[in-house]
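Counting with our numbering, you get residues 21 to 119 for the letters of the sequence shown.
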Amino acid sequence: MNNKELTSALATATKNRKEETAQLLETAIALMTDHLVKGDIVQLAKLGSFQVYKKMERVIINPGTGKRMLVPPKLALGFKPYLAIKEKIGKSEEELSEK
Numbered sequence: 021m022n023n024k025e026l027t028s029a030l031a032t033a034t035k036n037r038k039e040e041t042a043q044l045l046e047t048a049i050a051l052m053t054d055h056l057v058k059g060d061i062v063q064l065a066k067l068g069s070f071q072v073y074k075k076m077e078r079v080i081i082n083p084g085t086g087k088r089m090l091v092p093p094k095l096a097l098g099f100k101p102y103l104a105i106k107e108k109i110g111k112s113e114e115e116l117s118e119k
């Protein structure tokens, strides 16, 4: 599902215009981004939580040349899904493997 499909589905489910729904979705994403930039954890009920964490610097080896390289530290975005979603995805994976 891409952004356009999500906006359309939300507009249909809430019986709002697509333009209003798109603006609401953009505003929600902007607010989440602002809080993540500040270092806050963003928790969405029945979905999960988003958190910025720091990846430490590390040494990697280029498999082609065998040369060692230092990767500098950086910030990354992590997502931890709500337990019910994890269980639901696990069940759907089992159903797919049975087919």
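We put the CB at the ideal spot given by N, CA and C, even for glycine.
Helix, strand or coil for residue i? Go by DSSP, reduced to three states.
| i | result |
| --- | --- |
| K38 | helix |
| G84 | coil |
| L44 | helix |
| M52 | helix |
Where do the ends of the beta strand (DSSP E) carrying residue i lie?
| i | result |
| --- | --- |
| G59 | Careful: G59 lies outside any beta strand (DSSP E) and carries neither H nor E. |
| L67 | No beta strand (DSSP E) contains L67, which DSSP labels as neither H nor E. |
| P101 | K94 to P101 |
Would you check if the distance between the CB atom of residue i and the CB atom of residue j is smaller than 9 Å?
| i | j | result |
| --- | --- | --- |
| V72 | L95 | yes |
| L4 | L30 | Since the first residue of the chain shown is 21 and the last is 119, residue 4 is not available in this structure. |
Does the Cβ of residue i have 16 or more other Cβ atoms within 10 Å, making it buried, or fewer, making it exposed?
| i | result |
| --- | --- |
| T27 | buried |
| T41 | buried |
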